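**Q** Here it is, the structure, as structure tokens.
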Amino acid sequence: LVTTRMNRILRIDTENLIAEVEPGVVTEQLQLAVEKLGLFYPPDPASLKFSTLGGNVAENAGGPRCVKYGVTRDFVMGLELVLPTGEIIRTGGETYKAVVGYDMTRLLCGSEGTLGVITKIIFKLLPLPDAKKTMLTIFDSIDGAAKAVSTIIGNKIIPTTLEFMDYATLQCVERRFNLGIPAEGRAVLLIEVDGDRDLIEKQATRIQELIKPLGLVQFRAAKDAAESEELWRVRRLVSPSLRDINPTKYNEDIVVPRSKVPDVIRAIEKIQQKYDIPIVNFGHAGDGNIHVNIMIDKDIPGMDEKAHEAIREVFQAALDLNGTMSGEHGVGLSKAPYIELELSPQQIGAMKAIKSALDPNNIMNPGKMFPWEEK
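The numbering of the sequence shown is my numbering, which starts it at -4 and goes up by one.
As structure tokens, then:
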């Protein structure tokens, strides 16, 4: 079942700041359409140029701007859905307040296609920010970079993005692209603020003052859109650089409390040493969401098996720090075998009860979340 041909933006309501779309609309298509009207749809998954909004809702997709604006679920006001049994239901609506009955809309966001087929979505929109300011900051330690995150937010500045890259990531990018990253650099934060033009200039100055004592090696602030793109280039070059390590990548997306980022990175370093497998970490430090990239060569006997053992330990390390196994990618097939690490039998039982009630014949995306289910 594919809904990509259901790709119409049905309406954009500039008075009530909502948009109604079909599920096959590409994420960037909606963003560009509303920006022409001075409006803003913030969720920005890395796949925004080709991912569909229906898929974003089913996955509860995130992205770099989540630290300030939240994930897809925070912008979904209502849904039209075809249930597995054939009935059409509507959840939520066009009002910002609605407390009649269970909140089915939030339940369906992130359900990964296991509870029904989304046919229409009503999104909340925001006014488009006047301007944005991008800063590339390099630190001499992972602890300094992590402390910078909590220091910035603790001083009542909520950046649009706080992207993190560890030392292994920096080495990959520098080896291939020779960007001139200082040798003493051990971690990068790519910081962006948006809003009133005068305010963001003051915020950029204040951010530099706050993080300077934390082992700051380099601070670069973009003066215009072209310089902003150049600073973002460091982050965008990460993925193509990883292939220089090994051909196959297992990309996990654990989340820990912001203050625990150094702890989980150190735990991952120990796992890397234990299994002798390269692991590269980057992601959204503002909300503690770290993309753990386990790089392997499947042609090397036993390496794939070791990688899966390492993945289990990475998940457990996040859980031991009061985190979660996934902040954006969801469960699907790959994480289903590990779900019992995080969820109790009672939680899983409640989820199964919901699944059975809405999909008694298990026809919607079978095998996801509950791979041990027979029917």
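Even for Gly, the Cβ is constructed at its ideal location relative to N, Cα and C.
Remember, it's a predicted structure, so these values are computed and weren't measured experimentally.
Quick one: what does DSSP say valine 229 is sitting in, helix, strand or coil?
**A** Assigned with DSSP and collapsed to three states, valine 229 falls in helix.
**Q** Is it right to say leucine 5 is buried, meaning 16 or more other beta carbons lie within 10 angstroms of its own, or is it exposed?
**A** exposed
**Q** Start and end of the beta strand (DSSP E) containing phenylalanine 134?
**A** 126 to 134
**Q** Please report the distance separating the alpha-carbon of alanine 28 from that of alanine 220.
**A** Cα-Cα distance, rounded: 20 angstroms.
**Q** Distance check for serine 329 and isoleucine 84, CA to CA, integer angstroms please.
**A** 30 angstroms
**Q** Checking 8 angstroms against the spacing of the C-beta atoms, do leucine 43 and leucine 120 come in under that value?
**A** No; because the gap between Cβ atoms is not below 8 angstroms, this pair is not in contact.
**Q** Decide if asparagine 288 is buried, meaning its Cβ has at least 16 other Cβ atoms within 10 Å, or exposed.
**A** Buried is the label assigned to asparagine 288, since at least 16 other Cβ atoms lie within 10 Å of its Cβ.
**Q** Name, in chain order, the residues that DSSP records as bridge partners for serine 254.
**A** Answer is none; serine 254 lacks a bridge partner.
**Q** So, at 8 angstroms on beta carbons, what are the nonlocal neighbours of glutamate 337 in its own chain, with the 5 sequence-adjacent residues on each side left out?
**A** Phe310, Leu314, Thr319 and Met320
**Q** Considering Cα atoms alone, identify which of Ala126, Ala217 and Arg3 is closest to isoleucine 117.
**A** Arg3
**Q** If you drop the 5 nearest sequence neighbours on each side, which residues of the same chain put their C-beta closer than 8 angstroms to that of asparagine 284?
**A** Excluding positions up to five away in sequence, the list reads Gly57, Cys61, Asp248, Ile249, Val250, Gly278, Gly322 and Glu323.
**Q** Assuming the contact rule is C-beta atoms closer than 8 angstroms, threonine 114 and leucine 76 should be a hit. Round their C-beta distance to whole Å, please.
**A** 7 angstroms
**Q** Any idea what DSSP makes of phenylalanine 365, helix, strand or coil?
**A** In the structure shown, phenylalanine 365 falls within a coil segment according to DSSP collapsed to helix, strand and coil.
**Q** Between alanine 305 and the rest of its own chain, which residues show a CB-CB distance below 7 angstroms, the 5 nearest in sequence each way excluded?
**A** Ile266, Tyr270, Ile272 and Ile289
**Q** Please report how far the alpha carbon of glutamine 198 lies from the alpha carbon of proline 38, in whole angstroms.
**A** 23 angstroms
**Q** Our contact map puts asparagine 317 next to proline 252 with C-beta atoms below 8 angstroms; I'd like the distance itself, whole angstroms only.
**A** Here asparagine 317 really is in contact with proline 252; their C-beta atoms are around 6 angstroms apart, less than 8 angstroms.
**Q** Could you have a look at lysine 301 and say whether DSSP puts it in helix, strand or coil?
**A** Lysine 301: helix per DSSP, three-state reduction.
**Q** Less than 8 angstroms between C-beta atoms, sequence neighbours within five positions excluded: which residues of the same chain meet that for asparagine 51?
**A** Excluding residues within five positions, the ones whose Cβ falls inside 8 angstroms are Thr22, Pro38, Pro40 and Thr67.
**Q** Thinking C-beta only, is isoleucine 153 closer than 8 angstroms to lysine 255?
**A** no
**Q** Measuring straight from C-alpha to C-alpha, what distance separates aspartate 239 and lysine 207?
**A** 33 angstroms
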